[in-house]
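Take a look at the structure below.
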Amino acid sequence: MKTEEQLAAFVCGTSYRDLPPEVVAIAKDQILAALGGVIAGAYAAGCETVASMAKEAGGSPEATILVHGGKVPVQQAAFVNAVMARALDICDSAAPGPHPGSAVIPAALAAAELVGGVRDAHSVSGGHSVSGAGHVSGADFLAAVCIGTEVALRFNLGEAEYDGFDPTGVCVPFGAAAAVAKILGLSEPEVLNALALAFCRCGSSFQAHVDGALAVRVVQGWVAETGVVCARLAARGITGPANFLEGVYGYPHLFGRDRDADAHRARAASIVSGLGTDYQAGKLVFKRFPSCGATQAGTQLALDLMAAEGLDAADVEHIQITVPPYVYRLVGHPFQIGDNPKVNAQFSIRYCVANALIRKAPVLAHFEEAAIRDPEVLRLVERIDVVGDAALDARGHTAVDMRLRTKDSREFARSRDIAPGFPQSPLTREQHLSRFRDCVEFAGRPGVAEKADAVIAAIAGLDEARDVSGLVRLLVE
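Using the working numbering, read the sequence shown as starting at 1085 and increasing by one per residue.
If you want it as structure tokens, here you go:
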């Protein structure tokens, strides 16, 4: 069986009961993170704009724009909800940078509403929903999230192979398409075409992150939208390149940089190796702090050093932070407030470390413009230098060294290889809940706060939920 066919068979043939309990538990953490991001990010820069544009465009009222309310075509709902989920960069991710959940989950949730909004599920896609006409169960929704995440992670590449491409735009479209295809109950040939069409939509650049552009969150929306559109097109007979993996110009050649046939075949085979048994969900990252994953280790290291040595931010004369070159290119550049202070701060290790030293426990409110412009923080930012050193590559993606000199000439040096929230240093259950509650507190809307416990309980009990649309109702003000 070709590798492309193996992927389609996995999507179609895997059900909730086939999934290991630990994979389902991680999916629930993803959903908690993504929906927390939606709650907190609903009114972040650009989010009201995309919500308004979707409503103004009109079309069939198929799926809900979360928080804001109102129904729009399913692909537009997926787009807007994914933009909100990514807006504050608090969603799940994986090294070296894809964000699966905040595209896979909005796409799958919107598709589930599409199924629930018709009397005959055959009119949805030409096929049938996983739960049958009229609704999608919580268990089937969880299965779609797990499957979509698995597919996205299997297409994930390394830093050198991406070479500046945004991983979310490259590997996550496959996951979003797989999740929607599962929800809509596509056949194996249709799933193959959905994935093949998603292949034709891969792209985007990390330059948006470096420049602090709102495009970072918009790309997330495009990926979710792509998943819906590709699955719906495939269900209606639109075909994609059947050899999107094994073909001479397939994914391994274009994005994996595999230039000879043997390497190309090996890459294609590796994507499906252990499919259905060796799940990749354990590679997901749930960031401890509300900023880029590349800033997490430096932030934690600064907090640890200050606590261990009994230091205060006022003691600091100078800090030098050394990171791998990839991290330096992404978050090591000099900090500028610019036109989008929030994104610039989220993607600056200098700001994140200065913020941690002064405020001790970084939360979402610290990445608002007023907090970013705090003169005390900006003065400390100027005393922080960042350098890239290829020698740190051998220690891992998140390795960081920190050397701190105090105003009375004392020097301290600390190192950390694994950032909090990464697979080798996972968050506790309480930390996951704390992240969600920070999102609710940041939103500052009484109606949202009143529903927080209900949302947490609904996610925990998805396995037994007859209809996942109940979760949607909790997320509309």
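Just so it is clear, CB atoms sit at the ideal spot from N, CA and C, and this is done for glycine as well.
Does DSSP classify Val-1516 as helix, strand or coil?
Here the sequence assigns His to residue 1516, which means Val is not the residue at that position. Helix, per DSSP.
Would you decide whether Pro-1105 is buried or exposed? Buried here means 16 or more other CB atoms lie within 10 Å of its CB.
exposed
Can you have a look at Ala-1205 and say buried or exposed, based on whether 16 or more other CB atoms are within 10 angstroms of its CB?
Since pLDDT at Ala-1205 reaches only 36, below the 50 mark, its modelled position is unreliable, and the value read off the structure follows with that caveat. Classification of Ala-1205: buried, given that the 10 Å Cβ count is 16 or more.
For Ala-1282, which option in Tyr-1363, Val-1275, Phe-1258, Val-1300 has the closest C-alpha, if you only look at C-alpha atoms?
Phe-1258
Would you mind working out which of Leu-1150, Ile-1189, Leu-1237 sits nearest Val-1556, comparing C-alpha positions?
Leu-1150
May I ask you to report which of helix, strand or coil DSSP gives Gln-1404?
strand
Hey, would you say Val-1302 sits closer than 8 Å to Val-1264, going by beta carbons?
no
Give me the Cα-Cα distance between Ile-1355 and Leu-1488, rounded to the nearest whole angstrom.
43 Å
Between Leu-1448 and Phe-1526, is the Cβ-Cβ spacing less than 8 Å?
yes
Identify the residues that DSSP records as bridge partners of Met-1486: which are they?
Ile-1405, Arg-1498
Using C-beta distances below 6 Å, list every residue in its chain close to Val-1427, excluding the 5 sequence neighbours before and after it, in chain order.
Gly-1296
C-alpha distance - Ala-1544 paired with Lys-1112, whole-angstrom precision
7 Å
Identify, in the order they occur along the chain, each residue of the same chain with its Cβ nearer than 8 Å to the Cβ of Glu-1561, setting aside the five sequence neighbours on each side.
Val-1151, His-1152, Gly-1153, Arg-1529, Gly-1531, Val-1532
What span of residues does the alpha helix (DSSP H) with Ile-1174 cover, start to end?
Looking at the DSSP string, Ile-1174 is not in any alpha helix (DSSP H), and its letter there is neither H nor E.
Identity of the residue in Leu-1317, Asp-1250, His-1219 nearest Gln-1159 by Cα
Leu-1317
CB contact flag (Leu-1389, Thr-1490, <8 Å)
no
Per DSSP, which residues does Lys-1535 bridge with? Please list them.
In the DSSP output, where bridge partners are listed per residue, Lys-1535 has none listed.
Go through its chain and collect everything with a Cβ distance to Leu-1276's Cβ below 7 Å, but skip five positions before and after it.
Glu-1088, Glu-1089, Ala-1092, Ala-1326
Compare the C-alpha of Ser-1518 against each of Pro-1459, Leu-1558, Ala-1227, Ala-1445 and name the closest.
Ala-1445
Same chain only: Cβ atoms within 6 Å of Arg-1203, ignoring 5 sequence neighbours per side:
Because Arg-1203 sits at a pLDDT of 33, beneath the cut-off of 50, its placement in the model cannot be relied upon, and the following sentence gives the value as read from the coordinates. Excluding residues within five positions, none has a Cβ falling inside 6 Å.
For Gly-1505, name the three-state secondary structure that DSSP assigns.
coil
Quick check for students: name the residue ranges of the beta strand (DSSP E) that lie wholly in the region 1441-1473, counting only runs of 3 or more.
1468-1472
For a quick check, are the C-beta atoms of Glu-1245 and Phe-1339 less than 8 Å apart?
yes
Using the DSSP secondary-structure output, state which residues sit across from Val-1560 in a beta bridge.
Val-1151
For Ala-1538, decide whether its Cβ has a neighbour in chain B, counting only Cβ atoms nearer than 8 Å.
The displayed structure is made up of one protein chain only, and chain B is not part of it.
Helix, strand or coil for Gly-1222? Go by DSSP, reduced to three states.
helix
Span of the alpha helix (DSSP H) holding Gly-1287?
Per DSSP, Gly-1287 belongs to no alpha helix (DSSP H) and is neither H nor E.
Does the Cβ-Cβ distance between Thr-1482 and Ala-1503 come in under 8 Å?
yes
Please work out which residues of its chain come closer than 7 Å, Cβ to Cβ, to His-1450, disregarding the five sequence neighbours upstream and downstream, and give them in chain order.
Asn-1439, Arg-1443
Cutting at 6 Å between CB atoms, please list the residues of its own chain near Ala-1352, excluding the five before and the five after it.
Thr-1087, Leu-1329, Glu-1330, Pro-1336
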